[in-house]
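The block underneath contains the structure these notes are about, expressed in structure tokens.
There are 2 protein chains.
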Amino acid sequence: MGLEKIKLMSLYTDFRKDVAYIEKELERSVQSSSPIVRQASLHLLKAGGKRIRPIFVILAAQFGNYSLEKAAKVAVSLELIHMASLVHDDVIDDSDMRRGLETVKAKWNNRVAMYAGDFIFSRALTSIGSIEKEAVHRILAETMLEICKGEIIQIDFQRQTDQGMRDYLQRIKRKTALLLASSCELGALSADADAETVRKLRRYGYFTGMAFQIVDDILDITSTDAELGKPAGSDLLNGHITLPILYIKDDAEFRPYMERAFAGNMLESDRQNMLRYIRQSDAIDKAQHVSDLYLEKALKELDGLPNGKSKKALIQIADFIGQRKY
Amino acid sequence: MGLEKIKLMSLYTDFRKDVAYIEKELERSVQSSSPIVRQASLHLLKAGGKRIRPIFVILAAQFGNYSLEKAAKVAVSLELIHMASLVHDDVIDDSDMRRGLETVKAKWNNRVAMYAGDFIFSRALTSIGSIEKEAVHRILAETMLEICKGEIIQIDFQRQTDQGMRDYLQRIKRKTALLLASSCELGALSADADAETVRKLRRYGYFTGMAFQIVDDILDITSTDAELGKPAGSDLLNGHITLPILYIKDDAEFRPYMERAFAGNMLESDRQNMLRYIRQSDAIDKAQHVSDLYLEKALKELDGLPNGKSKKALIQIADFIGQRKY
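So the sequences go chain by chain: F and P. In this text, residue positions in the first sequence follow UniProt numbering: the first is 1, and each later residue adds one. In this text, residue positions in the second sequence follow UniProt numbering: the first is 1, and each later residue adds one.
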């Protein structure tokens, strides 16, 4: 387990048993009679991640009539959709490493990665299939649709230097914020929380999601390769322009770095120089400021919700996102 | 429009308006703000296909309280799932041509094909999302899961000469029969047909689906390249063992052909000789016989269902499958 996950888990000790239950359900859900699929899915599951989506589902469901069994179905579904999109992303990005482990497409191949993604996608639908609430299915379908659109638009924008803040925000909304928003919304909705609470929690999830992705994009530049489990600057090497880069991309000294990164002919020393150049600029602080604004908005949504262990945990998670270092 | 489609359409003239309505809804459903996705999806849609899934939905729904609007939602969903799996298959099989048109992965690339598949998949869920019946969502989720499993198992079996009838039947069940079975079942179910009718129609769909795929696999050998819109014998060249091949694979004179096809070093003259050898054997007749048995079973399921235009069309479709030549 990564250090970050341990730190995050300390924020919701009250719900540790629930998270452990969901972890078991996740493992059970990717069992398959095909050895390749089972291995690929378990590999992916073991690679971990922070399980933020399941945690959001649990915490949001606390604001209604909490049932662990119901919340677990929703949580498993959302985490699996997240996992499926990661596998497909690795094919697209041609990534060999994720979170310090080999990716499915590197350990097996692109075909296995594609179908493992489809398989996990389908498992996600099976898990949520028994929740008898039309709105749940509608919201899930729409969320998946937007995520897919995002993945495709990401292709349109790859290696495009002519793009602005709006393009970036649209992209991270689809890449991260929508699924976190839906995690909160579906958690609350499946527990029959009242409409205003559902709305507030959805917005909390959305704003923390925006902040989370901005911080992720900052860390891609400020962290070491070891902390990331992959080369720092991978986003740029893959042709993705993130928020810090938006603030520096028209800098005359930076531009040649970006062009070489996009052209795929960057030496190791070049990459180090590029990272140093961005780190010393004000681009990181500017990006961090935007993340902070989103976190403020997120915390504001929690005003008016009943105090308790769950609200406390949601506040701590927002704080954690603002401060996380890897 | 292909000749085959015209012939098939003549079987259900009574439902031509309904099919046309669904065609419009299909087009509407793949609209997207991303130009690449819109173009890729429309390209796929225009490539046509026989729309057997939508037709089965309409015909099955006639046995309940028919609503075109409801049936169309189910039909669009099932046809889109079929389309999505085709796009992903083309990536796996590395196919450049399908139905005489370039595939998405050939016209654009593998990345576009993968995400266009995901996008269409999600659209399928959106289309069916508003049907308020838990069983519908459960059946759809399970069907998609089995299809995915099938696609993965297909990889396990590719270029495996040591396999039998059971493996083949399992494969075509997942590849084709399950989705046709679900088309009939969901069509009937969404129109509130009684349980016994739903069960009979599902089995009709399943048996015709098995026959349909066997005939498809036969045509891959007996048709000309022009009729197929791709090289005859493609299944073998892609390492897939179909029913006719099962009957001939241990023939000492045939085996070297198969080995060269699987190894990917087959000359054009070699391919022609291989096809001629299979066509002259009794493998085709044996396979055709299995298909006929399935069609008999399919027709038997229709006994006891009320006579009418819909039942007549279902009988004619089964007959058509038994006789189709391309």
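Every residue, glycine too, gets a C-beta built ideally from N, C-alpha and C.
For Glu-102(F), the beta-bridge partners assigned by DSSP are Met-97(F). Proximity to Ala-298(P) across Ala-47(P), Gly-209(P), Lys-175(P) peaks at Gly-209(P), based on C-alpha coordinates. Not a single C-beta of chain F is nearer than 8 Å to the C-beta of Phe-212(P). In the DSSP annotation of this structure, the continuous segment of the alpha helix (DSSP H) that includes Ile-221(F) starts and ends at 195-222. Here DSSP, grouped into helix, strand and coil, assigns Lys-230(F) to coil. Its Cα nearest to that of Val-30(P), the residue Leu-45(P) stands out among Glu-142(P), Thr-222(P), Leu-45(P). Residue-level contact check: Met-144(F) touches chain P, since one or more beta carbons of chain P fall below 8 Å from its beta carbon. Inclusion of Val-19(F) and Arg-51(F) in the CB contact set at 8 Å is warranted, their separation being smaller than that value.
CA-CA distance, Gly-239(P) to Lys-286(P), rounds to 21 Å. Collapsing the DSSP output to three states places Ala-191(F) in coil. Identification of chain F residues near Ser-183(P) by a Cβ-Cβ cut-off of 8 Å yields none; the smallest Cβ-Cβ distance measures about 17 Å. Looking at the backbone, the Cα of Asn-265(F) and that of Glu-79(F) are separated by about 36 Å. Collapsing the DSSP output to three states places Leu-305(F) in coil. Cβ proximity to chain P below 7 Å picks out Thr-126, Gly-129, Ser-130, Glu-132, Glu-134, His-137, Arg-138 from the stretch 126-140 of chain F. Lys-230(P) sits buried, since 16 or more C-beta atoms from the chains shown fall within 10 Å of its C-beta.
Comparing alpha-carbon positions, the option among Pro-54(F), Lys-24(F), Ile-55(F) lying closest to Leu-42(F) turns out to be Lys-24(F). Residues of the same chain with a CB within less than 8 Å of the CB of Ile-284(F), apart from the 5 flanking positions on each side, are Ile-218, Ile-221, Thr-222, Pro-244, Ile-278 in chain order. Straight across, the Cα-Cα distance linking Asp-194(F) with Tyr-206(F) is about 18 Å. By the rule that beta-carbons nearer than 8 Å mark a contact, Phe-119(P) touches chain F.
Taken atom to atom, the span from the alpha-carbon of Asp-162(P) to that of Val-104(F) is near 27 Å. By the criterion of a C-beta distance shorter than 8 Å, Lys-249(F) is surrounded in its chain by Thr-161, Ile-241, Arg-255, Met-258, once the five residues flanking it on both sides are discounted.
Annotation: the continuous alpha helix (DSSP H) that includes Lys-149(P) extends over 134-157. Annotation: the continuous alpha helix (DSSP H) that includes His-43(F) extends over 35-46. DSSP places Ala-252(F) outside both helix and strand once states are collapsed to three, so it counts as coil.
For Ile-153(F), the chain P residues whose C-beta falls within less than 7 Å of its own C-beta are Ser-34, listed in chain order.
In the three-state reduction of the DSSP assignment, Leu-267(P) falls in the coil class, being assigned neither a helical nor a strand state.
Under a 10 Å Cβ-count criterion, Met-165(P) is classified as exposed, with fewer than 16 other Cβ atoms of the shown protein chains found around its own Cβ. Taking C-alpha positions only, Leu-101(F) is separated from His-88(F) by approximately 16 Å. In this structure Phe-63(P) is in contact with Ala-188(P), their Cβ atoms being roughly 6 Å apart against a cut-off of 8 Å.
Contacts with chain P at 8 Å (Cβ-Cβ) do not include Tyr-204(F).
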